[in-house]
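Participant: One structure follows; several queries about it will come next.
2 protein chains.
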Amino acid sequence: MARDPGTEASASSSTPQLDRRTARRIRTKAEIVEAAWDLVREEGLAGLAMRDLGKRVGMKAQSIYSYFESKNDIYDTMFRDAYLDFNSTMEAENEDGERFSDVDTALRLSHRFFDFCTSDPVRYQLLFQRTIPDFVPSEESYAVAVDALDALTNQLADVGVAGDESVDLWTAVLTGLTDQQISNDPGGDRWKRLVDRAVLMLLGEVAPDLIEATK
Amino acid sequence: MARDPGTEASASSSTPQLDRRTARRIRTKAEIVEAAWDLVREEGLAGLAMRDLGKRVGMKAQSIYSYFESKNDIYDTMFRDAYLDFNSTMEAENEDGERFSDVDTALRLSHRFFDFCTSDPVRYQLLFQRTIPDFVPSEESYAVAVDALDALTNQLADVGVAGDESVDLWTAVLTGLTDQQISNDPGGDRWKRLVDRAVLMLLGEVAPDLIEATK
DNA sequence: GTCTATAATCTGATAGAC
DNA sequence: GTCTATCAGATTATAGAC
Chain A
1242 MARDPGTEAS
1252 ASSSTPQLDR
1262 RTARRIRTKA
1272 EIVEAAWDLV
1282 REEGLAGLAM
1292 RDLGKRVGMK
1302 AQSIYSYFES
1312 KNDIYDTMFR
1322 DAYLDFNSTM
1332 EAENEDGERF
1342 SDVDTALRLS
1352 HRFFDFCTSD
1362 PVRYQLLFQR
1372 TIPDFVPSEE
1382 SYAVAVDALD
1392 ALTNQLADVG
1402 VAGDESVDLW
1412 TAVLTGLTDQ
1422 QISNDPGGDR
1432 WKRLVDRAVL
1442 MLLGEVAPDL
1452 IEATK
Chain B
1242 MARDPGTEAS
1252 ASSSTPQLDR
1262 RTARRIRTKA
1272 EIVEAAWDLV
1282 REEGLAGLAM
1292 RDLGKRVGMK
1302 AQSIYSYFES
1312 KNDIYDTMFR
1322 DAYLDFNSTM
1332 EAENEDGERF
1342 SDVDTALRLS
1352 HRFFDFCTSD
1362 PVRYQLLFQR
1372 TIPDFVPSEE
1382 SYAVAVDALD
1392 ALTNQLADVG
1402 VAGDESVDLW
1412 TAVLTGLTDQ
1422 QISNDPGGDR
1432 WKRLVDRAVL
1442 MLLGEVAPDL
1452 IEATK
């Protein structure tokens, strides 16, 4: 079977030369993507230009096409990476098996979401809004996104936010707080301070028993 | 005093020729802005190109510069118009002086906001998000925006949503519902159906007396 | 007030030498 | 794998004839 230049995953131990070459290639790709993130954080998500990107990694823009098929391919990689980050951030275990009540866990989960989103507005835009003209995620990347959001739904169900309408309401309130924080008080905490209150309000609406039991 | 080509508002009755000319000019400007709205609704807010705009109004792109100083000037006009629309929509009186309870009025106000926003996603984007690269509203237009939002704050206070934190919470929840509706179910009603529930939940949090009194 | 012509600059992407 | 050279196109905006 011929090597697949697309995946670059497997590397048989019988070809150490190719291993090193492949490893180098993967490192360079990662370097390019990292530079792309830096660039969009400065210029905005739509401000990613191949020339500038090349300059930043110390190549001519044209050379990037040896690593990525197109600009869309770079966006796609960023999109997938962002959802993988989202997933591992949201699923992080609490330290050394501490036990919390469902209410506390719901609060921690919501803060984790809020902080993840507001800590990188451009990433948030890529994850949850549709503002890049012409960008369409590949099937593979889209599947990663769906998995990540499914996992979130399960986490919410575990702490009392169960059912489509409850999840929709939670999503609306949390993204609403996030959006306002990013748009109207970037770097501040004007809406961050409202997260606890909003989550308790939500739980009171969708899981009143939980709140009663805690009183 | 010389005529001010910037405002085009006053027209003395002693110069009917100029009146007609000015009126025509104003109509053409309005026509261009209308075409610009059509265009961004099809191509997205960032997809406004002078060429296409010219084509749509039956001129060469270059001729538009006789009416607007720059592309930014066109965006600025759209921005101001959108806030004026927002204002008049939100301040519309109820029919023939009907009286409603504060809870009912809060619900009507919230639905009006939600419907205004979701009925024109591009306008919503221009009003409440920052996604046009390099666009900065003029001082005059910015003042219109501030006035409109102040008016909204006053309306909210009248129906029991008073105080900075309460207003911030209302704003976050309503824009959150709006965003989700636009992004994830355009043209549908998946989040519209949650507006009543969300508003009652909010009022229970920020004006519990109001809800108690209604029971 | 509209046009032609054009400036000046940016864009993503390809061909082919080395 | 990186380069030079270049394409083919877009963009906003200005100058000047009519």
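Here the protein sequences line up with chains A and B, keeping their order.
Taking the working numbering, I'd label the letters of the first sequence as residues 1242 to 1456.
Taking the working numbering, I'd label the letters of the second sequence as residues 1242 to 1456.
Backbone N, C-alpha and C define an ideal beta-carbon position, used for all residues, glycine too.
(1) In angstroms with no decimal places, state the Cα-to-Cα distance between V1436 of chain B and P1362 of chain A.
(2) Quick one: using the 10 Å Cβ neighbour count with 16 as the cut-off for buried, is A1448 of chain B buried or exposed?
(3) Let's test the definition: count the other Cβ atoms within 10 Å of the Cβ of T1330 of chain B and tell me whether it reaches 16, buried, or not, exposed.
(4) Is the shortest distance between the beta-carbon of P1374 of chain A and the beta-carbons of chain B less than 8 Å?
(5) Just reading off the alpha helix (DSSP H) that I1423 of chain B is part of, what are its end residues?
(6) According to the Cβ coordinates, are A1290 of chain A and M1319 of chain A closer than 8 Å?
(7) Using a Cβ-Cβ distance cut-off of 8 Å, determine whether A1250 of chain A contacts chain B.
(8) Kindly list, in the order they appear in chain B, the residues whose Cβ is closer than 7 Å to that of G1401 of chain A.
(9) In the stretch 1259 to 1321 of chain A, which residue ranges form an unbroken alpha helix (DSSP H) of at least 4 residues, counting only runs that do not cross its ends?
(10) Pair every Cβ in the stretch 1380 to 1389 of chain A with every Cβ in the stretch 1339 to 1357 of chain A, then say whether three or more of these pairs are closer than 8 Å.
(11) Answer yes or no: do L1410 of chain A and L1443 of chain A have a C-beta to C-beta separation smaller than 8 Å?
(12) Within 10 Å of its beta-carbon, does L1259 of chain A have 16 or more other beta-carbons around it, so buried, or fewer, so exposed?
(13) Whose C-beta lies closer than 7 Å to the C-beta of S1251 of chain A among residues of the same chain, with five residues either side of it excluded?
(14) For the alpha helix (DSSP H) holding P1449 of chain A, just list the boundary residues, first then last.
(15) Hey, is the stretch 1313 to 1327 of chain B in contact with the stretch 1404 to 1418 of chain B, meaning 3+ C-beta pairs nearer than 8 Å?
(16) Rounded to whole angstroms, what's the CA-CA distance from T1372 of chain B to L1441 of chain A? Just pull it up for me.
(17) Is DSSP giving V1363 of chain B helix, strand or coil here?
(18) Using only alpha-carbon positions, find the residue among A:V1377, A:G1428, A:T1394 that is nearest to D1314 of chain A.
(19) Under 8 Å, CB to CB, which of the residues in the stretch 1263 to 1289 of chain B have a partner in chain A?
(20) Is F1357 of chain B near F1327 of chain B, with beta carbons less than 8 Å apart?
(21) Can you list the residues of chain A that D1409 of chain B reaches, using a CB-CB cut of under 8 Å?
(22) Below 8 Å on the Cβ atoms is my contact criterion, and I expect G1288 of chain A with V1281 of chain A to pass it. Report the Cβ-Cβ distance as a whole number of Å.
(23) Rounded to the nearest angstrom, what separates D1375 of chain A and E1283 of chain A at their Cα positions?
(24) Roughly how far, in whole angstroms, is the beta-carbon of A1413 of chain A from the beta-carbon of V1408 of chain B, given that I think they are within contact range, below 8 Å?
(25) Counting only Cβ pairs nearer than 8 Å, list the residues of chain A close to L1418 of chain B.
(26) By the 10 Å Cβ neighbour count, where 16 or more other Cβ atoms means buried, how is E1334 of chain B classified, buried or exposed?
(27) Which residues, taken in chain order from the stretch 1333 to 1355 of chain B, show a beta carbon closer than 8 Å to some beta carbon of chain A?
(28) Within this structure, are the beta carbons of D1420 of chain A and D1420 of chain B separated by less than 8 Å?
(29) Apart from the five residues just before and just after Q1366 of chain A, which ones in its own chain have a Cβ nearer than 7 Å to its Cβ?
(30) Quick check: the Cα distance between V1400 of chain B and S1360 of chain B, rounded to an integer number of angstroms?
(31) Measuring CB to CB, does G1417 of chain B end up less than 8 Å from T1269 of chain A?
(32) Within the continuous alpha helix (DSSP H) that includes D1391 of chain A, where are the two ends?
Facilitator: Taking the definition as stated:
(1) 26 Å
(2) buried
(3) exposed
(4) yes
(5) 1405 to 1425
(6) no
(7) Low local confidence applies: a pLDDT of 48 at A1250 of chain A is under 50, so the model's placement there is unreliable, and no value is given.
(8) The premise fails here: G1401 of chain A is roughly 15 Å from chain B at the closest Cβ pair, so nothing lies under 7 Å.
(9) 1291 to 1298
(10) no
(11) yes
(12) exposed
(13) Model confidence at S1251 of chain A stands at a pLDDT of 47, short of 50, so the residue's coordinates are unreliable and nothing is read from them.
(14) 1449 to 1455
(15) no
(16) 32 Å
(17) helix
(18) A:V1377
(19) G1285, A1287, G1288
(20) yes
(21) Q1421, R1431, W1432, L1435
(22) 6 Å
(23) 21 Å
(24) Contact doesn't hold; Cβ gap of about 17 Å is too wide.
(25) A1413, G1417
(26) exposed
(27) none
(28) yes
(29) L1286, T1372
(30) 24 Å
(31) no
(32) 1380 to 1399
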